[in-house]
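Colleague: Just so you know, we're using UniProt numbering here: the sequence shown kicks off at 1 and counts up by one. Okay, handing you the structure first.
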Amino acid sequence: MQINIVLIIITILGLIVRNNSLIISGAVLLLVRLLKAEVFLNIIDNYSVKIGIILIMLGVLTPLATGDLKLEGMTENLMNPIAILGLIMGIAVTQFTREGLMLMENTPTVTINLVIGVIIGVAFFKGVPSGPLIASGITAVIYKLISLFR
Numbered sequence: 001m002q003i004n005i006v007l008i009i010i011t012i013l014g015l016i017v018r019n020n021s022l023i024i025s026g027a028v029l030l031l032v033r034l035l036k037a038e039v040f041l042n043i044i045d046n047y048s049v050k051i052g053i054i055l056i057m058l059g060v061l062t063p064l065a066t067g068d069l070k071l072e073g074m075t076e077n078l079m080n081p082i083a084i085l086g087l088i089m090g091i092a093v094t095q096f097t098r099e100g101l102m103l104m105e106n107t108p109t110v111t112i113n114l115v116i117g118v119i120i121g122v123a124f125f126k127g128v129p130s131g132p133l134i135a136s137g138i139t140a141v142i143y144k145l146i147s148l149f150r
């Protein structure tokens with residue numbers, strides 16, 4: 001019952017701040033719980049991150065497929081400082097995500113705080129909820145750095 005209340009609060013927060021990701025996520029999970037369709041919770045739990053990553057990649061690569069992003073423009077701007085920084089950050093984010101997956105698998109208790117942080121970021125700071133994996137990765141890297149100085 002307490003979980004349902006939390007999901008209702010998440011959905012209401014989404015409505016208040018007009019964030020479709022929170023609304024849909026909270027409402028779908030609440031509906032699945034109310035219907036007692038645990039098999040769907042297992043499917044969501046096992047595949048949603050993988051499917052989400054695929055959807056993000058599709059969204060990022062679509063301008064290339066539609067021709068809106070020209071290869072000529074990409075090669076001309078490769079040495080542009082912002083392009084170089086983008087390349088470096090793209091590499092860094094993949095490493096943060098890897099560290100985040102390991103942290104969430106090895107220390108599941110941190111996951112609830114990451115989720116709360118993402119909800120707060122989305123609800124009150126107009127953030128985009130693509131960050132639980134990256135947030136956990138940054139957490140893992142910072143924690144490792146702090147551990148070096150202990």
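Even glycine gets a Cβ: it sits at the ideal position worked out from N, Cα and C. Treat the numbers as computed from the prediction; the structure is a model and nothing was measured.
So, under 8 Å CB-CB, G86 and L133 are touching, yes? Tell me the CB distance rounded to an integer number of Å.
Modeller: With 8 Å as the limit, G86 and L133 do not qualify as a contact, their Cβ atoms being about 19 Å apart.
Colleague: What alpha helix (DSSP H) runs, 4 residues minimum, are completely inside the stretch 98–140?
Modeller: Complete alpha helix (DSSP H) runs here, min 4: 109–125.
Colleague: Exposed or buried, what is G26 when buried is set at 16 or more other beta-carbons lying within 10 Å of its beta-carbon?
Modeller: Buried.
Colleague: Cβ atoms of L22 and L41: under 9 Å apart, would you say?
Modeller: No, the Cβ-Cβ distance between L41 and L22 is not below 9 Å.
Colleague: Is it true that the CB of L7 sits closer than 9 Å to the CB of A123?
Modeller: The answer is no: Cβ separation not under 9 Å.
Colleague: Tell me, please, whether the stretch 132–148 touches the stretch 106–123 by the rule of three or more beta-carbon pairs shorter than 8 Å.
Modeller: Yes: at least three Cβ pairs fall under 8 Å.
Colleague: Have a look at E38 and R98 and give me their C-alpha separation to the nearest angstrom.
Modeller: Going from the Cα of E38 to the Cα of R98 covers about 28 Å.
Colleague: Just the C-alpha distance for residue 158 and I120, rounded to the nearest angstrom, thanks.
Modeller: Since the first residue of the chain shown is 1 and the last is 150, residue 158 is not available in this structure.
Colleague: Would you mind listing the alpha helix (DSSP H) stretches within the stretch 43–96 that are 4+ residues and don't spill past its ends, in chain order?
Modeller: Whole alpha helix (DSSP H) segments, 4+ residues: 71–76.
Colleague: In terms of alpha-carbon separation, which member of P129, V93, L78, L64 lies closest to G52?
Modeller: The option with the nearest alpha carbon to G52 is P129.
Colleague: With 16 as the cutoff for other CB atoms within 10 Å, does F96 come out buried or exposed?
Modeller: Counting Cβ neighbours within 10 Å, F96 comes out buried, since at least 16 surround it.
Colleague: Give me the Cβ distance between L103 and A140, rounded to the nearest whole Å; I'm assuming they're in contact under 8 Å.
Modeller: That pair is a contact at about 4 Å.
Colleague: Classify V118 as buried or exposed, calling it buried when 16 or more other Cβ atoms lie within 10 Å of its own Cβ.
Modeller: The residue in question, V118, is buried, as its Cβ has 16 or more Cβ neighbours within 10 Å.
Colleague: How many Å lie between R33 and M1 at the Cα?
Modeller: Cα to Cα, the separation comes out at about 10 Å.
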